[in-house]
Amino acid sequence: RHSDPARRGELSVCDSISEWVTAADKKTAVDMSGGTVTVLEKVPVSKGQLKQYFYETKCNPMGYTKEGCRGIDKRHWNSQCRTTQSYVRALTMDSKKRIGWRFIRIDTSCVCTL
Numbered sequence: 001r002h003s004d005p006a007r008r009g010e011l012s013v014c015d016s017i018s019e020w021v022t023a024a025d026k027k028t029a030v031d032m033s034g035g036t037v038t039v040l041e042k043v044p045v046s047k048g049q050l051k052q053y054f055y056e057t058k059c060n061p062m063g064y065t066k067e068g069c070r071g072i073d074k075r076h077w078n079s080q081c082r083t084t085q086s087y088v089r090a091l092t093m094d095s096k097k098r099i100g101w102r103f104i105r106i107d108t109s110c111v112c113t114l
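Numbering (the UniProt record's numbering), first residue to last: 1 to 114.
Right under this line is the structure:
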């Protein structure tokens with residue numbers, strides 16, 4: 001529920017789900033060069049290791065909007081909710097076993113396409 005009365009009853013054009021994903025769940029990803037890299041589970045820090053987490057958002061396949069975007073006139077438009085991706089930094093290993101911080105693609109939103 002929204003505390004702001006002006007926002008009550010607001011609905012997103014597309015239904016989405018968001019969750020924290022660990023590197024153990026992710027395992028591999030695509031980097032900015034288009035190559036597949038292994039996402040390392042833990043990042044070394046001065047007092048041990050930390051798990052890598054990513055906050056991902058994608059279209060909800062069980063949501064109302066699986067038949068098209070909410071509020072779009074189906075008689076005149078073909079619409080579809082699509083998951084889009086963005087780049088985030090992650091500690092990864094490439095195919096040559098080189099470890100480093102790279103930008104990888106993760107799911108970050110659900111948008112309406114016409």
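Idealized CB from N, CA, C, for every residue including glycine.
From the DSSP output, in three-state form, read off residue i for me.
i, result
"D31", "strand"
"K51", "strand"
"D25", "helix"
"E67", "helix"
"R1", "In this prediction, R1 has a pLDDT of 49, which is less than 50 and means its spatial position is unreliable; what the coordinates show is noted afterwards. Of the three classes helix, strand and coil, the one that applies to R1 here is coil, per DSSP."
Per DSSP, which residues does residue i bridge with? Please list them.
i, result
"S12", "According to DSSP, which records beta bridges pairwise, S12 is partnered with nothing at all."
"W101", "L91"
"K42", "K51"
Among the residues of its own chain, which have a CB less than 8 Å from the CB of residue i, if the five just before and after it don't count?
i, result
"D107", "E56, T57, K58, T83, T84 and Q85"
Exercise. Just checking, does the region 64-78 make contact with the region 90-98 on the three C-beta pairs under 8 Å criterion?
Worked result: With the rule of 3 Cβ pairs closer than 8 Å, the region 64-78 does not count as touching the region 90-98.
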